[in-house]
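Novice: Sharing a structure, written as structure tokens. Questions coming.
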Amino acid sequence: MKMRQKKEKNSLLFQYSIGLTMLALVVTSSFLYLVWLGMKPYRTAKTEGERLAKQYAELETVSQIDFFNGLESYYSVLGQDKNQKPIAVLIEKNSQKIYVYQLENGTSQEKAEAVVREKGATEIDTVTFGRYADKPVWEIKSGGDYYLVDFETGVILEKEKL
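When we follow the UniProt record's numbering, the leftmost residue of the sequence shown carries the number 1, and every step to the right adds one.
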């Protein structure tokens, strides 16, 4: 009798462990699938931004692709043209207008970072090229602060706190 109870108890523990393992597997795979679904539009948008920049702006190589969300949203693609000169291509998401800027004709990314550091930024998290109020800008994120530095003059246009 005791042997039978012990066998049933072991069988029940085995069934619980299989059930919990299956539940953990389902939860984990569901979570990973949701993450993959969440990243799909981002990957598609990056691919589309790169394709449009190469097609319409004669972009040869791509070094960085980001999203800029100011008053309008843009795909921001940095790279080199066929003459190996650095350019920035901004593609407006809604209207598909394309803006091309020669990076050597304005404030460099490094100079924009230096201007922001002078105003108190300690650690630079991200730097994105964009367009704000019909002007090309560098958006620099430092901690919870966002700085907009005018590409043409190198002056800070705006500072926002989160």
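Just so it is clear, CB atoms sit at the ideal spot from N, CA and C, and this is done for glycine as well.
Every value quoted in this text rests on a predicted model; they were computed, and no experiment measured them.
Measuring CB to CB, does Gly130 end up less than 8 Å from Gly70?
Specialist: yes
Novice: For Tyr101, count neighbouring C-beta atoms within 10 Å of its own C-beta (all shown protein chains included) and say buried if the count is 16 or more, exposed if not.
Specialist: buried
Novice: Could you tell me the distance, in whole angstroms, from the CA atom of Leu23 to the CA atom of Leu32?
Specialist: Going by the C-alpha atoms only, they are around 14 Å apart.
Novice: Please report the residue range of the alpha helix (DSSP H) in which Gln109 lies.
Specialist: Gln109 to Glu118
Novice: Which term fits Gly144, buried or exposed, when burial requires 16 or more other beta carbons within 10 angstroms of its beta carbon?
Specialist: exposed
Novice: What span of residues does the beta strand (DSSP E) with Ala88 cover, start to end?
Specialist: Pro86 to Glu92
Novice: Under 8 Å between the Cβ atoms of Ile98 and Tyr56?
Specialist: yes
Novice: Only counting runs of 4 or more residues, tell me where the alpha helix (DSSP H) segments fall wholly within the UniProt domain "Cell wall elongation regulator TseB-like" (50-91), in order along the chain.
Specialist: none
Novice: State the Cα-Cα distance for the pair Leu59 and Ala53, rounded to the nearest angstrom.
Specialist: 6 Å
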